[in-house]
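Since the structure comes first, as structure tokens, the remarks are kept for the end.
Residue numbers (the UniProt record's numbering): 1 to 632.
Here's what the structure looks like:
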């Protein structure tokens, strides 16, 4: 198997990626099989709409499956499915998965789906979701995965935007405490949508079967009569998928991922950032509805020739806070990638890590965390418990792979708690002040990336170049605005302190709510926390703190709240003006684990915001509403 070329340590590779962009990425492209090998890396002719490997042709499914079988590794495990919510487990070798994908690609081709057509996928964490994604890639169709269980309206607006020829769904999804029928949601979405797909393919699950209409096909019956099809080469610049960003209202924002740059970047990242190599087991405990699921459940591990774990469960509650450790031990996981929220949930339920001792996790080399800011206290707790490097990395749906990380497979750096470490090759990261000037080390500013963005990042938004430029490229000329605030220290380490609109202005002082959250999270009784800035007639804004406590405490919560106010005053100073910390049962989050700080702030300011489509449990926010508005 071709290995990713390594020319030197981090500093040399990073410098080369910026100074010899062509050479760096053409070398990285050698780790991918091409139908027509590219002779150019970057096409700047339509800047700021950059394109990567413009004269190359490839097939992503071939690179993820067929080439491993052709290389004699067809009997290696490609996918391991573990579903504690159903009690079912299954494993697929590369040969078995390739055959399943080729057969389902035949189903799609038989329905007239061809290169460039769109296919919407509305499925839970089951193997058929991965098969459907790869089958689209096999025939050059563009998939758009919508998180299973999304409300009908949100599914409808995505169907209208992507205009899929076929929708693939399961009859239901399964949560720890309930079964969620998907087919009624799909039917309601299609009743709302202007665009109508020609067919819907339904994977029936025994927990709740669906009634099918004339437009619907049963997955198993369709597979039984389909003929497998071969991979269709596409241009490197052709789209692989559309992924809609969370929290959109109105017309959704469809992030486009191309085939060539995506394959090259993800192949490079898994070995060089995540230190995971062909034959090893990688587990991204996310969902295929999110970018982490696309990049690090499906594509990067299979492009690299690893075994990927598909987990249909939760970090706690299926059945307990030892679930992560069981899966690592049972499947001999080398690297776990999850969200800090998941680790905080485990910490809340099992603060001393007692459930870990029942499992042998000796296979684990690294724990990687992304999706929410990794606060120093959670970092220290996980490091002490697991005894392996706990590695933060920061990126976005738009970028598809890490902007800032610790390159554990290239040259590990000393870890600094609170920092995801250094910019990765191709990302020329700057901290800019409000005038667009470089901020001095240690000074907070807007995190921006000098164009061009590297391969694997979004080349544009689906059918909306103008909106892409307006949303991301217009704030600072020549830069992509990440929307996050942060700083860089004297050693070049980047610190991400949260969204730019999470910086609050208290009596003329610009303060980071992320810094206050660091103080709250460091308290030994706190499991997780959020700080939001709320309107104040005197100071403009003042911070409000909200904390969830660890399970089993017997201290008076008023004492804990007073301790937290004092800690912020002593650490940040009286200027922080944090005088109220509320102890709550839970914080409202998206399904990917992000705390809904903006929604909390809007409610506290007396507005009645539309709930984000990605909210995990609306009842948490409703319970919190009177606390936010001081109605208790």
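Where is the CB? At the ideal position from N, CA and C, for every residue including glycine.
Around the Cβ of residue 441, are there at least 16 other Cβ atoms within 10 angstroms (buried) or fewer (exposed)?
Under this definition residue 441 is an exposed residue.
Take the Cβ of residue 352 as the centre, count every other Cβ of all protein chains shown within 10 Å, and call the residue buried at 16 or more, exposed below.
So residue 352 counts as exposed.
Pop quiz: residue 58 and residue 33 are said to be a contact at Cβ under 8 Å. What is the actual Cβ separation, rounded to whole angstroms?
Sure, about 7 Å apart at Cβ, within 8 Å.
Can you name, in chain order, every residue of its own chain whose Cβ lies under 7 Å from the Cβ of residue 51, other than the five neighbours on each side?
Correct list, in chain order: 43, 237 and 459.
In terms of residues, what are the limits of the beta strand (DSSP E) holding residue 480?
First-last of the beta strand (DSSP E) with residue 480: 479-488.
Just mark residue 538 as buried or exposed, buried being the case when its beta carbon has 16 or more other beta carbons within 10 Å.
So residue 538 counts as exposed.
If you draw a straight line from the alpha carbon of residue 254 to that of residue 553, how long is it in whole angstroms?
Between residue 254 and residue 553, the C-alpha separation is close to 45 Å.
So, residue 518 versus residue 362, is the Cβ gap smaller than 9 Å?
Their beta carbons are not under 9 Å apart, which means residue 518 does not touch residue 362 by this criterion.
Quick one: Cα of residue 247 to Cα of residue 145, how far?
Residue placement at residue 247 cannot be trusted, given a pLDDT of 44 that sits under 50; what the coordinates show is reported in the next sentence. One C-alpha to the other measures close to 15 Å.
Helix or strand or just coil, what does DSSP make of residue 118?
Of the three classes helix, strand and coil, the one that applies to residue 118 here is strand, per DSSP.
Quick one: give me the first and last residue of the alpha helix (DSSP H) that residue 283 is part of.
Run containing residue 283: none in the alpha helix (DSSP H); it sits in the beta strand (DSSP E), 281-284.
With burial defined as no fewer than 16 other Cβ atoms inside 10 Å of the residue's Cβ, what is the status of residue 294: buried or exposed?
Result: buried.
Just grab the DSSP bridge partners of residue 207 for me.
For residue 207, which the question treats as bridged, DSSP gives no partner whatsoever.
Could you tell me the distance, in whole angstroms, from the CA atom of residue 523 to the CA atom of residue 372?
Between residue 523 and residue 372, the C-alpha separation is close to 19 Å.
Between residue 416 and residue 484, is the Cβ-Cβ spacing less than 9 Å?
Against a cut-off of 9 Å, the Cβ pair of residue 484 and residue 416 comes out as no contact.
Where DSSP assigns a beta bridge to residue 143, which residues make up the other side?
Answer by DSSP bridge pairing, in chain order: 119 and 241.
Could you name the residues that DSSP lists as bridge partners for residue 597?
Bridge partners of residue 597: none, in fact.
Under 9 Å, do residue 378 and residue 344 count as touching if we go by C-beta distance?
Their beta carbons are under 9 Å apart, which means residue 378 touches residue 344 by this criterion.
For residue 430 and residue 532, I'd like the C-alpha separation in whole angstroms.
Roughly 26 Å separates the two Cα atoms.
Ends of the beta strand (DSSP E) at residue 277?
Run containing residue 277: none; DSSP gives neither H nor E here.
Would a C-beta distance cut-off of 9 Å place residue 143 and residue 119 closer than the cut-off?
Yes, they are a contact pair.
Does the Cβ of residue 463 have 16 or more other Cβ atoms within 10 Å, making it buried, or fewer, making it exposed?
Answer is exposed; the Cβ neighbour count stays below 16.
Select from 469, 314, 229 and 31 the residue whose C-alpha is nearest the C-alpha of residue 176.
Here the closest residue by C-alpha is 314.
Pull the bridge partners of residue 93 from the DSSP assignment, please.
Paired residues: 77.
Would you list the one or two residues that DSSP bridges to residue 448?
BP columns for residue 448 point to 430 and 481.
Please tell me whether residue 283 and residue 316 are closer than 9 Å, where the distance is taken between their beta carbons.
For residue 283 and residue 316, no; Cβs fall outside 9 Å.
Would you call the CB atoms of residue 330 and residue 82 closer than 9 Å?
Yes, Cβ-Cβ distance for residue 330 and residue 82 is below 9 Å.
With a CB to CB cut of under 6 Å and the five nearest residues on each side skipped, what residues in its chain are close to residue 609?
599 and 602, listed in sequence order.
Run through DSSP, which three-state label would residue 438 get?
Here residue 438 sits in strand by DSSP.
With 16 as the cutoff for other CB atoms within 10 Å, does residue 350 come out buried or exposed?
Residue 350 comes out buried.
Buried or exposed: where does residue 619 fall if 16 or more other Cβ atoms within 10 Å of its Cβ makes it buried?
Residue 619 comes out exposed.
Taking all protein chains shown into account, do 16 or more other C-beta atoms lie within 10 angstroms of the C-beta of residue 198, making it buried, or fewer, making it exposed?
The residue is exposed, with fewer than 16 neighbouring Cβ atoms inside 10 Å.
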